Amino acid sequence: PHAPPPGCAFEARCPRRRDRCAEQAPPLDDLGSGHRVACWYPLPVPAAPEAVTAS
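All residue numbers for the sequence shown refer to the working numbering, where the first residue is -6 and numbers rise by one.
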């Protein structure tokens, strides 16, 4: 069996890629609320909408 190449598995087709992506696989980061991301340059997490209360 062949070892996978170093770096991110999505590097070849990612529009946000940089040199680091081809050299090192990114760690898996917990964003909270059950969401995780493995990217050196992830998109910002949108803010949660505020609760609407009836007046």
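C-beta atoms are modelled at their ideal positions from N, C-alpha and C, and glycine is treated no differently. Just so it is clear, the structure is predicted and the values come from calculations on it, not from any experiment.
{"Item": "Cβ pair residue 15, residue -1 closer than 9 Å", "Value": "yes"}
{"Item": "Alpha-carbon to alpha-carbon, residue 43 and residue 33", "Value": "29 Å"}
{"Item": "Neighbourhood of residue 13 by C-beta distance below 6 Å, restricted to the same chain and skipping five residues each side", "Value": "33"}
{"Item": "Contact set for residue 7: own chain, Cβ-Cβ below 6 Å, skip 5 residues either direction", "Value": "none"}
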